[in-house]
Amino acid sequence: MAILSFNTKVHFGHGESKQLVFETQNLKIKKPLFVTDKGVRAAGVFDLAIASLGDIQSPVIFDQTPPNPTEDAAVAGFDTYQANGCDGIIGIGGGATLDLAKAIAVLCSDPVPLWEYCNRNAHPHPIIQPPPLILMPTTSGSGSEVGRSAVIIFNNGIKAGVGCPTIVSVAICDPDLTRSLPKYMTAATGMDALSHCVETFCSPLINPPIDAIALDGLTRLFKHIEQAVVDGQDADARWNMMMGALEGAVCFQKGLGAVHSVSHSLGALGYHHGTLNAIMLPHVLAINAVVLKDKLPLLCRAMDLPATTDLVDTFLRLNQRLGLPAGLKALGVEKTSFQSLAQASLADNAHKTNPRLLTAADYLTLLEAAW
Ligand SMILES: [Fe+2]
Numbered sequence: 189m190a191i192l193s194f195n196t197k198v199h200f201g202h203g204e205s206k207q208l209v210f211e212t213q214n215l216k217i218k219k220p221l222f223v224t225d226k227g228v229r230a231a232g233v234f235d236l237a238i239a240s241l242g243d244i245q246s247p248v249i250f251d252q253t254p255p256n257p258t259e260d261a262a263v264a265g266f267d268t269y270q271a272n273g274c275d276g277i278i279g280i281g282g283g284a285t286l287d288l289a290k291a292i293a294v295l296c297s298d299p300v301p302l303w304e305y306c307n308r309n310a311h312p313h314p315i316i317q318p319p320p321l322i323l324m325p326t327t328s329g330s331g332s333e334v335g336r337s338a339v340i341i342f343n344n345g346i347k348a349g350v351g352c353p354t355i356v357s358v359a360i361c362d363p364d365l366t367r368s369l370p371k372y373m374t375a376a377t378g379m380d381a382l383s384h385c386v387e388t389f390c391s392p393l394i395n396p397p398i399d400a401i402a403l404d405g406l407t408r409l410f411k412h413i414e415q416a417v418v419d420g421q422d423a424d425a426r427w428n429m430m431m432g433a434l435e436g437a438v439c440f441q442k443g444l445g446a447v448h449s450v451s452h453s454l455g456a457l458g459y460h461h462g463t464l465n466a467i468m469l470p471h472v473l474a475i476n477a478v479v480l481k482d483k484l485p486l487l488c489r490a491m492d493l494p495a496t497t498d499l500v501d502t503f504l505r506l507n508q509r510l511g512l513p514a515g516l517k518a519l520g521v522e523k524t525s526f527q528s529l530a531q532a533s534l535a536d537n538a539h540k541t542n543p544r545l546l547t548a549a550d551y552l553t554l555l556e557a558a559w
């Protein structure tokens, strides 16, 4: 039996970013470190998110979040926190930003090398008394605001998680913050969320409440992703995308699968997480299909499709309609990297909860199919 855990306080709804002033006071944060990225600031979303705080004298803003969060960026953010005498962290952005904010909070607990906190270690360094942390997503994808870890590219080249299931003090999910998200990012981050629902539902661990949440998230995401891409101002589509993303991340406790073991390996090379998941999802479903005979009809039902629908083809065609790349070749992935990618995928934690235990040869088959 997997762990049953639903422990993040969440404000959810249109206009809920106004809760930031209440939560900042509630957590006694007087000088926050704002963690964000330049794109979120340039789009005006950062200002929208913090509007309830009014005029802030000399806000401390770390906006150097890389597309994939790195150990170096976490250390730089921690240095900014220390140098300015901050007493709390507010992360505003996509999954990379929110994961980075978590990693900075972990370092504030005790600034030992970040790798010591990595969940690849048998006994990760304990996180004791991290600062208060508020997360506000501006995409509907990773669900990092309620996720159990921060996925970081460490200086040793490995992309892996820092387990921090209780580090988020409160999440504020306001779908209005996603309205200006460009079409491509809406599609790619949305497919990340959708892959979370599919992978966690297919995980062999036993956790019926999580299965129900995964299927509900899949229903919302599959129904609304195309509309959110077509019309980003559609409030209902944005609400459902954000709820589906949150649900997908609540489900992480049941474990992911080979979509994510491969995308973590490729992500360490700098490729976009959601794009990788969108590409890998149909091919991973194909390789797992033999052990998913009971679950595939339930996925179909959640997507309001006939029980015998070919989901491999369904997701391939969905990617096409969303304007996502057809394969890894289009991203510039070289076949010469397949052997090392297969080894890295075997070492990834998500590999362990794929519905069937894949071998190195299986991963090579998978990469070839997805190329
Ligand atoms: Fe993901």
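So in my numbering, the last one in the sequence shown is 559, and the numbering has no gaps at all.
The beta carbon of each residue, even a glycine, is placed where N, CA and C say it ideally should be.
Model, not experiment: these values are computed from the prediction.
- Between Ser246 and Val209, the CB-CB gap reaches or exceeds 8 Å.
- Within the model, the alpha-carbon separation for Thr268 versus Pro220 is close to 11 Å.
- Look at the region 346–409 and you find these whole runs of alpha helix (DSSP H), each 4 residues long or longer: 371–390.
- According to the DSSP assignment, Ile249 belongs to the beta strand (DSSP E) that extends over 248–250.
- Going by C-alpha positions, Ala262 is about 5 Å away from Ile292.
- Look at Ser330: its beta carbon is less than 7 Å from one of the heavy atoms in ligand 1.
- Looking at Arg408, His460, Met468, Gly445, the one whose alpha-carbon comes closest to that of Asp536 is Gly445.
- Taking a contact as a CB-CB distance under 8 Å, the pair Gly329 and Gly462 counts as one, their CB atoms being some 5 Å apart.
- In the three-state scheme derived from DSSP, where H, G and I count as helix and E and B as strand, His311 is classed as coil.
- With a cut-off of 7 Å, the C-beta of Asn309 is classified as distant from ligand 1, since no heavy atom of the ligand falls inside that distance.
- Going by DSSP, Ala477 is part of no beta strand (DSSP E) at all; its letter is neither H nor E.
- Following the DSSP letters along the chain, one finds Met491 in no beta strand (DSSP E), marked with neither H nor E.
- At the C-beta level, Phe200 and Cys361 come within 8 Å of one another.
- Distance from the Cα of Asn256 is smallest, within the candidate group Ala271, Ala284, Ala231, Met431, for Ala284.
- Taking 7 Å as the cut-off, one finds at least one heavy atom of ligand 1 near enough to the beta carbon of His384.
- One Cα belongs to Ala400, the other to Ala230, and the distance between them is close to 38 Å.
- Counting only the Cα atoms, Leu382 lies some 21 Å from Val478.
- Linking Gln441 to Ile394 through their CA atoms gives a straight-line distance of about 11 Å.
- If you draw a 10 Å sphere on the C-beta of Asn465, you find 16 or more other C-beta atoms in it, and that means buried.
- As the crow flies, the alpha-carbon of Leu512 is around 7 Å from that of Ala376.
- Judged by DSSP in its simplified three-state form, Ile244 adopts coil rather than helix or strand.
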